[in-house]
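First to last, the protein sequences are chains A and B. Here the first sequence stands for residues 1 to 251, numbered as in my numbering. Here the second sequence stands for residues 1001 to 1340, numbered as in my numbering. Note that beta-carbon positions come from the ideal geometry of N, C-alpha and C, so glycine has one too.
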Amino acid sequence: MSEAVLQTVGLHKHFGALRVAHNIHFSLERGARHALIGPNGAGKTTFINLITGVLSPTSGRISLEGEDITDLGQAERSRLGIARTFQINQLFRGLTVLENVSLAIAERMGIAGGMFKPLSAYNHVTDEAIALLEDFDLGSEALRRIDELPYGRQRLVEIVIALGQKPSVLLLDEPAAGIPSSESQHILDAANALSGDITVLVIEHDMEIVFRIADYITVMVSGEIFTQGTPAEVAADERVRAVYLGQAHHV
Amino acid sequence: MAFTGVMAEHPTVTPNSTRGFFRSRQRLKWWEGLPWVLAVSAFFVLPDYMAFGTQVLITIIFALSLDLIVGFAGVVTLGHAAYFGVGAYAAGMVSAHLGWTEPISALLLAGVIAALVGLVSGAVLLRYHGLTLLMLTLATAICLQEFANVNEDVTGGFDGLIGISFKPLLGMFEYDLWGHTYYWYSLVVLLLVFVGVRIVMNSPFGMSLIGIRENTDRMHAIGTPVYKRLVTVYTLSAGLAGVAGALFAESNAYVTLDVLSFARSGTILIILILGGVGRLYGAFVGAVVYMVLEDELAKMSPEFWEFGVGLVLVLTVMFAQGGLIGLFDRLRKYIGGAPT
């Protein structure tokens, strides 16, 4: 593989005695489809929160494209190209699908602080939002309120908003969470259709999905990296079966 | 991409039609002329009520300013009278102490001073959230009121600031006992404030405030400088509250500590909730209904009027979520099925 887009060095996060991230040395290769798996409470979402700046680490450094971003805020990191989705939908509930996506696009274009022209007059924002929505078969729902959409469709908008940020690194936190497996195909298709320019880190519980998306897997247990490898290597690892795959059957 | 095959099953939505629809929502509607027609007719129909009418207009401006932060940005405050009061004292003090008696420039100056106070206090307050923020807004207004009380040599303290007088408006229109001049003056100021606020709230900036209200976490995640946006709108809102306060000082020619009171902060929030938050027109409906109700009930039963106001508020909150404007909306949908 080629060079790392995103790197963490010795990342620690402690809440008092509670160790949620411990000595994480992690590197995300350009263009990767990297999955982060592990049992509940392993610290996967915490890790994403550390990368995006929701949490600041107790110690350790994070770098994007070789630049240290550890001290930057969430919004600044986002503007540098890190986008994320959430395990539980974080949408703008009272707004239309189009407005949901337009907010992210306007912010990326740097016009979101503009006060004197109506948002609807920025045709390039609207056009880009519509084009993006149509890519995901959401064009006909553009003018509906987001909370009128079925949950599976909302889940898709959750991803489209992040894509409106034109990210170089996209962090998907359980993109198929909460939707029946019959519908998760849409999410899978969406993830597989993502441009190769985007580096993807995905947290996923459904092993079937992991094996269909990921070309590399990191297993986390108790806030630490347990092991890493290709899907075949991880699937063959008896210890991983013991800590994770074995448990998954009981869920 | 992979989904074009499925597209055919849906009615086609072209970028142009979507654009058009998106735009039409921000276009002026016919009924938006209504408040102004009513305000102008009020002058001819009820000429004896113009002093009261002026206070209603001032309250609308004050409520509009509050709608920016409460309705759009979703930041609830119990101390908005702080900026109304600063505006009122600023206009009153430049007249009483400095002999600056030109009303329009005094109004602008008061607005700028209130905005500055809003900027400084907002920069501190908006670092907090939820109940902490609510309590701090309340505390800010109380501190300011106490500050005005203590410094009685400049503010007049408990007795109020006297000796306020202003030159004729534009050098032509005298202040009159019936409040006619100040009614028109306030109406023009309201119109200008409203047009400005409407433009700003439909802008990407206004949309991003709604985004913050709907989901602050996601706004952080999409790269919005949330704190900066909030301080900006808070400053703007404080400035407009200051303009309302200055109009109050100019039209009444006196200022008392009451302009900074908790009661005023609370009342303006009630007025906005009654009318409907986040809609701009809620400020109009809320102010008119509340003040007319207060006036009429106080005439009917001087010691019991608050019961009536309370009852209307309880009924509104219980049965008309979204305030009276929300009620009109549902009524209109019920009758005509017309989209907003």
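| Cβ of residue 1214 of chain B less than 8 Å from any chain A Cβ? | Working through the second sequence from its first residue, we reach residue 1214 of chain B at position 214. So, interface residue.
| query | If we cut at 8 Å on Cβ distances, does residue 181 of chain A have a partner in chain B? | reply | The count along the first sequence starts at 1 and reaches residue 181 of chain A at position 181. So no, residue 181 of chain A is outside the interface.
| field | Cβ neighbour criterion (16 or more within 10 Å) applied to residue 102 of chain A | value | Here the question's residue 102 of chain A lines up with position 102 in the first sequence. Buried, by the Cβ-count rule.
| field | Amino acids of chain B, ordered along the chain, whose beta-carbon sits closer than 7 Å to that of residue 103 of chain A | value | For the purposes of this step, residue 103 of chain A is taken as the residue at position 103 of the first sequence. Going along chain B in sequence order, the residues near residue 103 of chain A (Cβ under 7 Å) are 1207, 1208, 1211 and 1222.
| message | Using a Cβ-Cβ distance cut-off of 8 Å, determine whether residue 13 of chain A contacts chain B. | response | Taking the first sequence and counting its residues from 1, one reaches residue 13 of chain A at position 13. With 8 Å as the cut-off, residue 13 of chain A does not count as an interface residue toward chain B.
| task | Give every residue of the same chain whose Cβ lies closer than 7 Å to the Cβ of residue 93 of chain A, excluding the five residues on either side of it in the sequence, and list them in chain order. | result | The sequence position of residue 93 of chain A within the first sequence is 93, counting from 1. If we look at residue 93 of chain A and ignore the five residues flanking it on each side, its Cβ neighbours are 146 and 147.
| query | residue 1199 of chain B CB to nearest chain A CB: under 8 Å? | reply | For the purposes of this step, residue 1199 of chain B is taken as the residue at position 199 of the second sequence. Residue 1199 of chain B belongs to the set of residues whose beta carbon lies under 8 Å from a beta carbon in chain A.
| Under 8 Å Cβ-Cβ, which residues of chain B neighbour residue 235 of chain A? | In the first sequence, residue 235 of chain A corresponds to position 235, counting from 1. Against residue 235 of chain A, chain B offers no close residue; the least beta-carbon distance is about 27 Å (beta-carbon pairs closer than 8 Å).
| said: Which residue marks the beginning of the beta strand (DSSP E) containing residue 220 of chain A, and which one marks its end? | reply: Stepping through the first sequence from its first residue, residue 220 of chain A is reached at position 220. Per DSSP, residue 220 of chain A belongs to the beta strand (DSSP E) from 216 to 221.
| task | Using DSSP bridges, identify the partner residues of residue 29 of chain A. | result | Locating residue 29 of chain A in the first sequence gives position 29, counting from the first residue. Per DSSP, A:4.
| field | Residues within the region 42 to 73 of chain A neighbouring chain B, beta-carbon criterion of under 9 Å | value | So the list reads 52, 53, 54 and 73, given in the order they occur along the chain.
| request: At 7 Å on the CB atoms, spell out the chain B contacts of residue 108 of chain A, in chain order. | output: In the first sequence, residue 108 of chain A corresponds to position 108, counting from 1. Contact of residue 108 of chain A with chain B by beta-carbon distance below 7 Å involves 1223.
| query | Can a CB atom of chain B be found closer than 8 Å to the CB of residue 87 of chain A? | reply | Sequence index remark: in the first sequence, residue 87 of chain A carries index 87 (1-based). False, the Cβ-Cβ gap to chain B never drops below 8 Å.
| request: Would you tell me roughly how many angstroms separate the C-alpha atoms of residue 1281 of chain B and residue 1196 of chain B, rounded to the nearest one? | output: Position 281 of the second sequence holds residue 1281 of chain B. Position 196 of the second sequence holds residue 1196 of chain B. Answer to the nearest angstrom: the Cα atoms are 14 Å apart.
| said: Is there a Cβ of chain B sitting closer than 8 Å to that of residue 178 of chain A, yes or no? | reply: As a first step, residue 178 of chain A must be located in the first sequence, where it is residue number 178. Not one chain B Cβ lies under 8 Å of residue 178 of chain A.
| query | Which of the residues in the region 1021 to 1037 of chain B, read from start to end, lie with their CB under 7 Å from any CB of chain A? | reply | Residues 1021, 1022, 1023 and 1026.
| Going along chain A in order, which residues have a C-beta closer than 7 Å to the C-beta of residue 1217 of chain B? | Counting from 1 along the second sequence, the entry for residue 1217 of chain B is found at position 217. Residues of chain A passing the Cβ test: 90.
| field | CA nearest to the CA of residue 137 of chain A, picked from A:72, A:154 and A:9 | value | Looking up residue 137 of chain A in the first sequence gives position 137. Of the residues A:72, A:154 and A:9, the one whose Cα lies closest to the Cα of residue 137 of chain A is A:154.
| said: List, in chain order, every chain A residue whose beta-carbon is nearer than 8 Å to that of residue 1237 of chain B. | reply: Residue numbering aside, residue 1237 of chain B sits at position 237 when the second sequence is read from its first letter. Under the 8 Å cutoff, chain A gives no residues; its nearest Cβ is about 13 Å from residue 1237 of chain B.
| query | Distance, Cα to Cα, residue 1251 of chain B vs residue 1148 of chain B? | reply | Counting from one through the second sequence, the residue named residue 1251 of chain B turns up at place 251. Counting from one through the second sequence, the residue named residue 1148 of chain B turns up at place 148. One C-alpha to the other measures close to 21 Å.
| said: Between residue 1237 of chain B and residue 1130 of chain B, how many whole angstroms is the CB-CB distance? I'm expecting something under 8 Å. | reply: Residue numbering aside, residue 1237 of chain B sits at position 237 when the second sequence is read from its first letter. Residue numbering aside, residue 1130 of chain B sits at position 130 when the second sequence is read from its first letter. Contact flag wrong, Cβ pair sits at about 19 Å.
| said: Please confirm whether residue 1018 of chain B has its beta-carbon closer than 8 Å to some beta-carbon of chain A. | reply: Against the second sequence, residue 1018 of chain B aligns to sequence position 18. Yes, residue 1018 of chain B counts as interfacial toward chain A.
| Do the region 33 to 46 of chain A and the region 8 to 25 of chain A touch if we need at least three Cβ pairs shorter than 8 Å? | A contact is defined here as three or more CB-CB pairs under 8 Å, and the region 33 to 46 of chain A meets this definition with respect to the region 8 to 25 of chain A.
| task | Take every Cβ of the region 27 to 36 of chain A, pair it with every Cβ of the region 185 to 205 of chain A, and state whether three or more of those distances are shorter than 8 Å. | result | As far as the Cβ criterion goes, the region 27 to 36 of chain A touches the region 185 to 205 of chain A, which means the pair count is three or higher.
| How many Å lie between residue 176 of chain A and residue 187 of chain A at the Cα? | Here residue 176 of chain A refers to the residue found at position 176 of the first sequence. Here residue 187 of chain A refers to the residue found at position 187 of the first sequence. Cα to Cα, the separation comes out at about 6 Å.
| field | Near-chain B residues of the region 200 to 233 of chain A (beta-carbon distance less than 9 Å), N- to C-terminal order | value | Listed by position, the residues of the region 200 to 233 of chain A near chain B (Cβ gap below 9 Å) amount to none.
| query | Per DSSP, what kind of secondary structure is residue 224 of chain A in: helix, strand or coil? | reply | Numbered from 1 along the first sequence, position 224 holds the residue referred to as residue 224 of chain A. Taken through DSSP and simplified to helix, strand or coil, residue 224 of chain A comes out as strand.
| message | Against chain A, does residue 1065 of chain B count as a neighbour if the rule is that its beta carbon must be under 8 Å from one of theirs? | response | To locate residue 1065 of chain B, count along the second sequence from 1; it is residue 65. Among the CB atoms of chain A, none fall inside 8 Å of the CB of residue 1065 of chain B.
| query | So is residue 1326 of chain B in contact with chain A if we call contact Cβ pairs under 8 Å? | reply | By one-based count along the second sequence, residue 1326 of chain B stands at place 326. Among the CB atoms of chain A, none fall inside 8 Å of the CB of residue 1326 of chain B.
| field | Neighbour list for residue 122 of chain A in chain B, Cβ cutoff strictly below 8 Å | value | If you number the first sequence from 1, residue 122 of chain A lands on position 122. Near residue 122 of chain A (Cβ distances below 8 Å), the residues of chain B are 1204.
| What distance in whole Å lies between the Cβ atoms of residue 1183 of chain B and residue 1344 of chain B, which are believed to be in contact at a cut-off of 8 Å? | Outside the displayed span of chain B (1001 to 1340) sits residue 1344 of chain B, for which this structure offers no information.
| request: Please list the partners that residue 7 of chain A has in chain B, where partner means a Cβ-to-Cβ separation under 8 Å. | output: Here the question's residue 7 of chain A lines up with position 7 in the first sequence. In chain order: nothing, as chain B lies at least about 21 Å away.
| Could one say the Cβ of residue 242 of chain A lies closer than 8 Å to chain B's Cβ atoms, at least one of them? | As a working mapping, residue 242 of chain A is identified with position 242 in the first sequence. No, no contact with chain B.
| request: Would you verify that the beta carbon of residue 20 of chain A is, or is not, closer than 8 Å to some beta carbon of chain B? | output: Start at 1 with the first residue of the first sequence, and residue 20 of chain A comes out as number 20. With a threshold of 8 Å between beta carbons, residue 20 of chain A makes no contact with chain B.
| Which full runs of the beta strand (DSSP E) of 3+ residues lie inside the region 1032 to 1098 of chain B, going along the chain? | Counting whole runs of 3 or more residues, the region 1032 to 1098 of chain B contains no beta strand (DSSP E) stretch at all.
| Run through DSSP, which three-state label would residue 60 of chain A get? | Looking up residue 60 of chain A in the first sequence gives position 60. Residue 60 of chain A falls in the strand class under three-state DSSP.
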